[in-house]
Amino acid sequence: MSGVGDFIRQQRENAQKSIRDLARAAGVSNPYLSQIERGIRKPSAEILQQIARALEISAESLYVRAGILDGTPKEASSVPEAIAADARLSAEQKQSLLSVYRSFVSAKGSGTDDP
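The numbering of the sequence shown is the numbering used here, which starts it at 13 and goes up by one.
Structure representation (structure tokens):
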């Protein structure tokens, strides 16, 4: 379990946060976060999500390292599904991309595209 703990510690240090700062931001106690980082405690998916939010990283990256999710990327059957499945994008970015994609598709379908 220290794999996810080591990763959390590394991300915390990269963000230049103390264990106390991260614990407060994630809504967990200092000792509990310390135990997670040292591989003593196994955090739930909910706790991992709180930690990810506090570190401003994707929860999916923590889920994969904790063994909750499979690390192999899933095949998306369409562009909108691929955009929706991309954990690196914020909700706002996803909406913007979908809007641009749909405008291109509708323009092509209406015969307004020039060679």
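A virtual CB, placed ideally from N, CA and C, is assigned to each residue, including glycine.
Leaving aside the five residues that flank Gln62 on each side, the residues in its chain whose CB is nearer than 8 Å to its CB run, in chain order, Ala38, Gly39, Val40.
Gln28 sits away from Ile69, with the two beta carbons spaced by 7 Å or more. Between Pro92 and Leu109, the C-beta spacing is not below 7 Å. Counting only runs of at least 3 residues, the segment 59 to 119 fully encloses no beta strand (DSSP E) element at all. Taking the CA atoms as reference points, Leu60 sits about 32 Å from Tyr113.
Inter-residue distance for Gly51 and Val16 is about 8 Å (C-alpha atoms, whole angstroms). For Lys106 and Ile95, the gap between their C-alpha atoms comes out near 6 Å.
Look at Pro43 here: in three-state DSSP terms it is helix.
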